[in-house]
Amino acid sequence: MILKVAIVQQIDSMNPFLAVFQSSTEIGRLMYDYLTAYTAADQTVTEGLANKWEPSPDKLTWTFTVPEGKKWSDGEPITARDVAFTYNLMLSDSVARTANGSFVTNFQDVTAPDDRTVVIRTKTPQVTMLALDVPIVPKHVWEKVSGIKDYANDQMPVVGSGPFVLTEHVAGQFIKLKANKNYWRGAAKFDELHFVYFQNSDAAVQALGKGEVDLVNRMAPAQFDSLDGKAGVTRNKAQGRRFTELMINPGAQTRTGEPIGDGNPALKDVRVRRAIAQAVDLDALVQRVNLGYAEKGSGLVPPVFGKWHWQPTEQEQRRFDPAAANAALDAAGFPRKADGTRFPLRLIGRAGRAYDEQASEYLKRSMGEIGIPLDVRLVSDNQLNEATTAATYDLAFSGWATNIDPDFILSLHTCAQRPGADGKGGTTDAYFCDETYDKLYAQQLSEFDEGKRVEIVKQMQARFYDQVPAVILSYENALEGYRSDHFATFTTQPAQGGVIMAQNGMWGYYGAEPAGRAVQAQGSRWVGLALGGAVIAVLVAVVVVMARRRNATAGERE
Amino acid sequence: MRLAGRFGGAALSLVMVAVLGFFLFRVVPGDPVVSMTRGRPTTAAMQAELRAQFGLDRPLPEQFWNYFTSLLQGDLGTSFTFRRPVADVILERLGPTLLLVGTATLIAVGLGLWLGVRAAWRRDSGFDRVTTGVSLTLWAVPTFWLGMLLMMVTGDLFPSRGMRDTDTAPDFVSQALDVGHHLVLPSVTLVAVVCAEYMLVMRSSLLEEMHAPYLTTARAKGLRDDVVRRRHAVPNAVLPAITLVFLRFGLVVAGAITTETVFSWPGLGLLFYDALTGPDYLLLQGLLVVTAGAVVVMNLLADLLHGVLDPRVKVV
Amino acid sequence: MRGVGAVGGFLAGRVDRGGFLAQRAGVAGAAVLAVAALIALLAPLLIPADALDVTRVTDGAWQPPGPGHWLGTDHTGRSVALLMAQGTGTSLFVGLTAAVLAVGIGTLVGILSGHFGGLLAGALLRVTDFFLVLPALVLAIALSTVLPRGLGTIILAIGLTSWPSTARMVRAQTLTIEARPFVERARALGGGHTHVIGRHVLPSVVPLVLVNATLAVASAIVAESTLAFLGLGDPTRISWGAMLHQAQLHGAVPQRAWWFLLPPGLAIVVVVLAFTLVGRALEAVVTPKR
Amino acid sequence: MNPLLELKNLTVHYGPKCVVNDVNLALAPGQTLGLAGESGSGKSTVAMSVLRLLPKSASVTGEILLDGDDVATMSWGRLRAVRWAAASIVFQGAMHSLNPVQRVGDQIAEPMRLHGVEGNALDLVEQVELPRDKARAYPHELSGGQRQRVMIAMALACGPRLVVADEPTTALDVVVQAQVLALMTRLVREQDLGLLMISHDLSVLAETCDDLAVMHRGALVERGRTREVIANPRHPHTAALTAAFPVIGDPAHRWAEPAPEPEPLLQVRDLVVDYGRTRAVDGVDLTIGRGEIVALVGQSGSGKTTLARTIMGLRKPSSGRVIFDGAEVARNGKALKAFRRQVQLVLQDPSSALNPRHRIVDAVAEGLRVHGIPGDEESLVTAAVERAELRPASLYLQALPHELSGGQQQRVVIAGALVLEPRLLVADEPVASLDASVRGEIVALLLRLRRELGLASLIITHDLGLAWQIADRVAVMHQGKIVEQGSAEEVLLTPSHDYTRALLRAVPQV
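Protein chains in written order, with my numbering: chain A, 1 to 558; chain B, 559 to 874; chain C, 875 to 1164; chain D, 1165 to 1674.
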């Protein structure tokens, strides 16, 4: 039994130290377990390679225990030394930090005093020690690798610890994995897992309809709708990890306080930003642009991570109210001019992204109603990056995928993330810099009491919402579909309204259960083959007949 | 002397291709490292490291010099997307493209030239009108649209994507059948457009020769009409046609990009599209250099071939 | 991008005089173009602004053809028929301007390299040949990736990559004309470069340039649609190519929304074919009888 | 004896246009018949109809009996069997009548294989006096004369009893023409072939054929023994044809009046012109006096055209000087432009010397416009046109070149030169492409212009007859050098150089 999954995104590398793309890291999760994992049901931390962990009282030293009995796919035992080897490789080799370097920047050292124990010492207390999304590689394979940079990790089958073993990879075509019989949780219920590369989700959706693949995600709303009622196909509308935002240039500055970019100065005024946010009809966007397959945006953490998600209270809530927004702008000292406008703004988005193309039309209209003419520019990915990095925007579309631990998404909005004096080296999202926010960020980073940390994180989101360096527009649903005539069930994460693909884990694939007697719809394919053969036969016959006829009649023609 | 000139010209063209490739993709404002690390936890230091790793932190002239010298050694740089040498990435995608383009070109050349000869020989006949009309129409059809249409019309008969299924039996016959099955729609799409052009080229080339006095000579000798055509007219008319076929190789390349994109055929065209959506500049640059270089080389070959086929052209 | 040499006879140096039939096809083509031009000109005047504003349309998405919207609606509920009408202008505009640009460059380069000998001609010829063999679409893609997105970029990308065939043709024609005894006679009369180019070369090149331009429009329209399909078009404009891009982006094929896929493609085919037929008919008219 | 070929009431129409009108002609075995006529007289159509090679658009009526069989009604299969085996054709313009990408040996052998004739292509090659290894050559590797020999060899391949030769020597040089004609005459005599030879050149037919037929506007106007026809033409057209070919040494054909010793107008001193490595003009000295007509004769490739171009300043000399009216001619700038006003060029083919898009008035006025000459353009143009004997000018001024006949076109070219009031006319083969009946008129015009305007001329020609007709002095050019020059009588009647003698020998005698 084979589970065939459509992927639309490229695979950049099979080397887990280099793989950056979501698709590659997802396959990496299937090949290699992490030190810890997240449960499928509620995304809490659970056993990975390690089954026990213990921080020291000063929270600087963490001890992980790798239990006996877990094996690599080639039968070798998995030990603490493999874990230490992996982390130390990343600490010593800058290339090995390409993909997941951020997890180890705060590490002092990593040691394995015995086969079962890993000891990690950090420079400062680190709250995310149980969210180290780093694939652990087998020491006995990787210690022979001379240069990480040029290592494609293509010694098939690739030795791993995850539920599947990589057996074949043909670039641009497909990736084949086999169920790992040595997997410590037990082998998957089917034999092979194939990822088939598709150029666009359109083709993938068609293939799903034809039964050429069993599982598709990242569908556009229209594609999702097109599968409604299709025999043998079950759709899964799940809460996604992504949000889409509208960035408002708050008067971008470098880390040293130098102004950067050319954002409209009016936007420095928080009242203007609030007015703009108030004029955007989030419900309409969700209904018309997302076709309802999204939830209205509020805080930085999507509702799928319920614990960390924040919703404004009744009085905090900014309701869609163009009239109030108009009044606020008048009060802020930006009255309408004779032609009815206040000041023009530019909106930059990505060409080819359906959301940007459509939502910009709505925003154009909404802003028009509060006297702000919008100049919409849809540009290439790179030009969009360039503009947002150099802060040469007024309004811009952006979006992020979030992790279970909110640290990363929160960190994007601290002052320190802004670029240096030369305008380079910034990783800030929206050029936000706020003392209150930064203080809260530092607090949550060393708050090991989860309940308290959740509180702080919510406060941060509230502050962000209040200061509006960006309007969170929507949390998009992850739209997936699968052949329920081939596979009866998949494990979603979280259990309620969760996703099958793009999980924080490998549950979706691992937990797939084949349908009783799966009948592969191969019939039509042979019809096609036969048809092709028939066409060729007819062609040959025609040629033969014509050649004969010509010989017969050529004598009397000229 | 002339041979040396040909090679010299081709070499010069290749250098121009290389220069063009570099400047076209370095004129761009934009920091590839930013797009490479988008949506990922990164720090400024890591970005700087990547920049150094890809040599993006050096001045432009130095970058060009490095690029050019390594190009001479067959090194096209490292793809931002794939973290691997561009040359390797391109090389592994070469096979499917050669298969598709090769099949389509062979069919298109054969069919196109044959139709063109027949249409020109019986000029203004029903056959001529129909084939010329169809060819002109096909010439007007955007390749990608034809592909999408074929896909919609054929429904479930042919696979919608890729070059082979992952679950086909590993034996050669099954694999070959599978690839052939996948090949049908893309090659039909590509053939339709390319063949139309070849047909028109061949037709006008033969019409050009139709009133050549040597054909009268051949008829006067008592040769049968089809022998006159086969032995005298076609060998003369096919020479300029072949040159044009080679000259239009760019068309095939262009067709391959859109066709591969529509059918997810895992070749260079698809790679081109992928590099485009990145955009992965080094990869794009490499693809431009490789395809343009291939076209230049093809033309050199056509020139040499012409010299062999046509006694009037002295190559050496 | 397609070479115009195939549909015209230029590169083969021959002209296909199709007689009455070709002329009739040319007239039909011209009629189609006249209708298209009319639509392009009238569309902005007749289509209510709200009808194509995604924020204001009221129809449902993906409606099949029916009363009210006789070509159905797209993914946002806009009428495909109105989109088609609106797109006509963009497609024709891009085709025409890109062709004018390409043919202008080609004519200039062709005459210069044909008329003047020596290093200049050698260099120009070299460059022309170089660009002639380069896959034009690849180059156009590269150009539109690196330049800011917009209509200007598309026009520039197509124009800058499709001039070489015109240049080759004009050069050949220039050389032919200059080899004619009447040019020698003009020189012997004391005529300089300006006289020879202005009085003899240009007038005899212009008709062919006209034909070439007509065919170049055809190939430019196909090129525009291809670039738009690859997502390199101007996203704020509606063109036929952009509609096909949208159709693909939003899943017209799996939706079986043939009404969103067929019309733009057919429109491209019909208009391109019309330009081709007109070009061929013109070619037959302007070519002096042998 | 049955005639080999008999045409009975042959009429050919192209659409409504009748090109051959009721022609009756018979040719006995072993007989040689010349068919003469100007371009458009229908003579080639007759030749092609013999093997039914006319295009589909031609409608043929009448009978074409080849050995008693009617070609017009044969089945295709029978026709193919007859073609080449019963009659073969030597086509004009051998370059284009041979397949350029096939070895000539194969092309000679092709009909032999097809008709199952024993024989060897190599022997045929030898028969036409070519080295055997030429059989492996491609047409473009052969000279014009050699190609024509190949055509002859091919025509003889299947041992036909009739050979039709359609302008077999037209594109050839005088000397080569003589050789090819000699070859044909010899082979026809040796193999006792019937020969139907078609030419516009009476002298060529006079050399080869016993009988002569003359066609005019599709009709056969005269037929008889060659000598008789030429000596006593009965039809005025025949008379015009015979008159057009001057006989060297015959005072009746010498139209130039004796002129006094003139002072020099143009002097060429030690002129050298190189084309790359080849030296086209090699140290030429030449003088043209005021009002003098000088003929520069030589075979093609002798450098005479290059010399003319260089004199005109259209080509830069490698060394040497051109002196006009006492002053050296500038090589560029205003002075060259001024010189060009004084010296005008008349080209061989008037139809291509006129821009087909320009009306006659524009073509004539072109020089005026180039030089920005003041005055009433229209009256100047009218005067020049009338001087070139196109009267009344108003009839012609608005016409396009293709609406005029060849002779009229040449007059327009001359008018375009005259309008600038030049002092020297350089005429490159001024009558070579004109029909015989027109050529005399143009020659007369040139002479009249000299008489009335004192216009000096340099006539470049391969045609010794023309030189005899018109020139005061003759210069003979060979391989870039002038090998002999002097008065026309001296050079043409008592040649001193071997080459001149060879040229004179090659001229066909009527």
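All C-beta atoms in this analysis are idealised placements derived from N, C-alpha and C, irrespective of residue type, glycine included.
Values in this document were obtained by computation on a predicted structure and should not be read as measured data.
When the beta-carbon positions are compared, residue 1041 of chain C and residue 987 of chain C come within less than 9 angstroms of each other. With 16 or more other Cβ atoms inside 10 Å of its own Cβ, residue 509 of chain A counts as buried. The C-beta distance from residue 322 of chain A to residue 359 of chain A rounds to 17 angstroms, too long to fall under 8 angstroms, and the pair is not in contact. Here residue 483 of chain A is buried: its Cβ has 16 or more other Cβ atoms, across all protein chains shown, within 10 Å.
Taking the beta carbon of residue 196 of chain A as reference, the chain B residues within 8 angstroms of it are 719, 720, 724, listed in sequence order. With fewer than 16 other Cβ atoms inside 10 Å of its own Cβ, residue 156 of chain A counts as exposed.
Listed by position along chain D, the residues whose Cβ is nearer than 9 angstroms to that of residue 989 of chain C form an empty set, because the closest Cβ is around 15 angstroms away.
In the DSSP annotation of this structure, the continuous segment of the alpha helix (DSSP H) that includes residue 445 of chain A starts and ends at 435 to 445. About 19 angstroms separates the beta carbon of residue 1303 of chain D from that of residue 1248 of chain D, a gap too long to meet the 8 angstroms contact definition. Just so you know, the alpha carbons of residue 583 of chain B and residue 1469 of chain D end up roughly 55 angstroms apart.
Here DSSP, grouped into helix, strand and coil, assigns residue 1447 of chain D to strand. Contact with chain A is found for residue 607 of chain B, since one of that chain's Cβ atoms lies less than 9 angstroms from the residue's Cβ.
Membership of residue 467 of chain A in the alpha helix (DSSP H) is indicated by the continuous run 450 to 467. The alpha-carbon of residue 1547 of chain D is positioned some 41 angstroms away from that of residue 983 of chain C.
By alpha-carbon distance to residue 11 of chain A, the top candidate from A/18, A/1, A/24 is A/24. Closer than 9 angstroms to the CB of residue 671 of chain B there is not a single CB belonging to chain D. For residue 1493 of chain D, the secondary structure class from DSSP, reduced to helix, strand or coil, is coil. In terms of CA proximity to residue 1321 of chain D, D/1288 leads the group D/1406, D/1496, D/1288. Just so you know, the alpha carbons of residue 969 of chain C and residue 361 of chain A end up roughly 27 angstroms apart.
Beta-bridge annotation (DSSP): residue 492 of chain A is not paired with any residue. The beta-bridge partner set that DSSP reports for residue 1178 of chain D consists of D/1181, D/1222. Straight across, the Cα-Cα distance linking residue 763 of chain B with residue 832 of chain B is about 38 angstroms. Residue pairing from DSSP leaves residue 1300 of chain D without any beta-bridge partner. Counting along the chain, the unbroken alpha helix (DSSP H) around residue 1088 of chain C starts and ends at 1076 to 1103. Going by C-alpha positions, residue 1433 of chain D is about 12 angstroms away from residue 1445 of chain D.
The beta-bridge partner set that DSSP reports for residue 1401 of chain D is empty. In the three-state reduction of the DSSP assignment, residue 1566 of chain D falls in the helix class.
Flagged as an interface residue toward chain D: residue 1062 of chain C, by a C-beta distance shorter than 9 angstroms.
Nearest Cα to residue 1002 of chain C within the set C/963, C/1035, C/1084: C/1035. Cβ-Cβ separation between residue 1517 of chain D and residue 1595 of chain D: approximately 13 angstroms, too far for a contact (criterion under 8 angstroms). Taking the Cα of residue 866 of chain B as reference, the smallest distance to any Cα among D/1212, D/1266, D/1507 is reached at D/1266. Inclusion of residue 275 of chain A and residue 263 of chain A in the CB contact set at 9 angstroms is not warranted, their separation being larger than that value. Around the beta carbon of residue 736 of chain B, a 10 Å sphere encloses 16 or more other beta carbons of the protein chains shown; the residue is thus reported as buried.
Any Cβ of chain B closer than 9 angstroms to the Cβ of residue 1215 of chain D would place that residue at the interface, and such an atom is present. By the beta-carbon neighbour count (other beta carbons within 10 angstroms, threshold 16), residue 1555 of chain D is exposed. Residue contact check for residue 868 of chain B against chain D: a CB pair falls below 9 angstroms.
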